[in-house]
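Novice: Just dropping this structure here.
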């Protein structure tokens, strides 16, 4: 009887682990809503409870354990490896990251604004490609994320190129010229709350913060999606837009980046 019970418990535990580790992730990776609910709600809460830590803290741990201090690309690789093999996170990711890299290299900006730092993945990715004396200002609303991002940026050795500012984008954007002496940005990367893409773009325009020929690059325009923003930049005569089809980070769900050149 006890042996049968032990076999049942062991078999049940093995089944649950297989479902958690392989079966459910394989099923949800093709479905946007299910993927976000599974990874960004269920799994995160389970791991937070089991490990008594947060996802950003676990990402930082992966960087400190696997990345070489002072090597930005090793930081990016460490986060990608962790998010593909251990725990999903909403970074821009490796696939869309290559598109981000190509746009940064094409624009070769001297001033960059990033909206939404999270753990600093895209911040490090962008800053590692900037020319000498270039400046990247990244805005993060969540102070707990900012604490982690600063440590990730420091591990990558990029503190001199990056200014991380905590607060609401809507409050900070009008103050950027005065506080940081920026006349206009060559590149703006939008990767924060999707419902802020459009109002913050309009605010950037009103404040004269995007130079003529400057580029807006927006992530997650399909999943979770930013339909109002897409309609605006695609229909406005002030922008020339191009969609780069890809996938939601670390899944097979369609997503993409929208590159919009400001025509003035």
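Residue numbers (our numbering): 0 to 263.
Ideal Cβ placement from N, Cα and C applies to all residues, glycine included.
Predicted model only: the values in this text are computed from it and were never measured.
Is residue 126 near the ligand FAD - that is, is its Cβ less than 7 Å away from at least one heavy atom of it?
Specialist: The ligand FAD is not among the ligands present in this structure, which contains no ligands whatsoever.
Novice: Just to confirm my understanding: we take residue 219, look at its own chain, exclude 5 residues before and 5 after, and list those with CB closer than 8 Å. What are they?
Specialist: Locating residue 219 in the chain shown gives position 220, counting from the first residue. If we look at residue 219 and ignore the five residues flanking it on each side, its Cβ neighbours are 89, 190, 193, 225, 247, 254.
Novice: Near residue 83, which residues of its chain fall below 8 Å by C-beta distance, leaving aside the five closest residues on each side in sequence?
Specialist: Within the chain shown, residue 83 is the residue found at index 84, counting from 1. Result list for residue 83: 93, 249, in chain order.
Novice: Distance, Cα to Cα, residue 147 vs residue 112?
Specialist: Taking the first residue of the chain shown as 1, we reach residue 147 at position 148. Taking the first residue of the chain shown as 1, we reach residue 112 at position 113. Each residue's alpha carbon lies about 19 Å from the other.
Novice: Give the straight-line distance between the Cα atoms of residue 98 and residue 104, rounded to the nearest whole angstrom.
Specialist: In the chain shown, counting from the first residue as 1, residue 98 sits at position 99. In the chain shown, counting from the first residue as 1, residue 104 sits at position 105. Answer to the nearest angstrom: the Cα atoms are 10 Å apart.
Novice: Tell me, to the nearest whole angstrom, how far the beta carbon of residue 126 is from that of residue 55; I am working on the premise that it is less than 8 Å.
Specialist: Here residue 126 refers to the residue found at position 127 of the chain shown. Here residue 55 refers to the residue found at position 56 of the chain shown. Residue 126 to residue 55, Cβ: 19 Å. No contact.
Novice: State the Cα-Cα distance for the pair residue 139 and residue 169, rounded to the nearest angstrom.
Specialist: Numbered from its first residue, the chain shown carries residue 139 at position 140. Numbered from its first residue, the chain shown carries residue 169 at position 170. Taking the straight line joining both Cα atoms gives about 11 Å.
Novice: Under the rule that 16 or more other beta-carbon atoms within 10 Å means buried, what is residue 259, buried or exposed?
Specialist: Counting from 1 along the chain shown, the entry for residue 259 is found at position 260. Flag for residue 259 reads buried.
Novice: Where does the unbroken alpha helix (DSSP H) through residue 43 begin, and where does it stop?
Specialist: What you label residue 43 is simply residue 44 of the chain shown in a count that begins at 1. That run of the alpha helix (DSSP H) goes 43-50.
Novice: Looking only at its own chain, which residues have a Cβ that is under 6 Å from the Cβ of residue 227, when we skip the five neighbours before and after it?
Specialist: Counted from its first residue, the chain shown places residue 227 at position 228. So the list reads 197, once near-sequence residues are dropped.
Novice: For residue 95, which three-state DSSP category applies?
Specialist: Start at 1 with the first residue of the chain shown, and residue 95 comes out as number 96. Looking at residue 95 - three-state DSSP - the assignment turns out to be helix.
Novice: In the stretch 102-153, which residue ranges form an unbroken alpha helix (DSSP H) of at least 4 residues, counting only runs that do not cross its ends?
Specialist: Counting whole runs of 4 or more residues, the stretch 102-153 contains the alpha helix (DSSP H) stretches 120-126.
Novice: Going along the chain, which unbroken runs of the beta strand (DSSP E) with 3 or more residues stay wholly within the stretch 187-232?
Specialist: As far as the stretch 187-232 is concerned, its whole beta strand (DSSP E) runs of at least 3 residues are 209-217.
Novice: Taking the alpha carbon of residue 114 as the reference point, which residue from 69, 217, 48 has its own alpha carbon closest?
Specialist: Start at 1 with the first residue of the chain shown, and residue 114 comes out as number 115. Answer by Cα proximity: 217.
Novice: Measure the alpha-carbon distance for residue 229 versus residue 166 and round it to whole angstroms.
Specialist: If you number the chain shown from 1, residue 229 lands on position 230. If you number the chain shown from 1, residue 166 lands on position 167. Spanning the two alpha carbons is a distance of roughly 25 Å.
Novice: Are the CB atoms of residue 208 and residue 172 nearer to each other than 8 Å?
Specialist: Taking the chain shown and counting its residues from 1, the one referred to as residue 208 is at position 209. Taking the chain shown and counting its residues from 1, the one referred to as residue 172 is at position 173. In contact: residue 208 and residue 172 (Cβ atoms closer than 8 Å).
Novice: Under the three-state reduction of DSSP, which class applies to residue 35: helix, strand or coil?
Specialist: Here residue 35 refers to the residue found at position 36 when the chain shown is read from its first residue. Residue state, collapsed to three classes: helix.
Novice: Give me the residue from 152, 158, 205 with the minimum Cα distance to residue 176.
Specialist: Here residue 176 corresponds to residue number 177 of the chain shown, with the count starting at 1. Selected option, being the one with the closest Cα: 205.
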